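Under our numbering, residues -11 to 47 are what the sequence shown spells out, in order.
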Amino acid sequence: PNLDQSQEAFQPGTWVSLLELPNPYSFDEALLLCQISEDQWVSWIPDHGEATLHISQFF
């Protein structure tokens, strides 16, 4: 069985909290759009735009 639960915890269309903001004016949450690797997601951050996030950058 797959013991790594981290990739199963996140689904496209889920809002996640960011550990650090991409810019001082952006929201502190991101909408996950699609997973591009085991530990990276393309996301959309209000007042910032599209961004690629590593799973260590959000929760």
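Where is the CB? At the ideal position from N, CA and C, for every residue including glycine. Model, not experiment: these values are computed from the prediction.
Short of 8 Å in beta carbon distance, which residues of its chain neighbour residue i, apart from the five on each side in sequence? Order them along the chain.
i	result
E8	Q45
Q(-1)	L20
Q28	T40, L41, H42 and I43
Rounded to the nearest angstrom, what separates residue i and residue j at their Cα positions?
i	j	result
L19	N11	16 Å
I43	E26	9 Å
V30	E38	7 Å
Under a Cβ-count criterion, where at least 16 other Cβ atoms within 10 Å of its own Cβ denotes burial, should residue i be classed as buried or exposed?
i	result
I33	buried
Which of helix, strand or coil does DSSP assign to residue i?
i	result
S31	strand
Q(-1)	coil
S44	helix
Skipping 5 residues on each side, what residues in its chain have a beta carbon closer than 7 Å to that of residue i?
i	result
S5	D16, E17, F46 and F47
Look at residue i and residue j and say whether their C-beta atoms are less than 8 Å apart.
i	j	result
I24	T2	no
Might you give, ordered along the chain, the residues of its own chain that have their beta carbon closer than 6 Å to the beta carbon of residue i, omitting 5 neighbours on each side?
i	result
S14	I33, D35 and H36
C49	Look at the range of the chain in this structure, -11 to 47, and you will see that residue 49 is not part of it.
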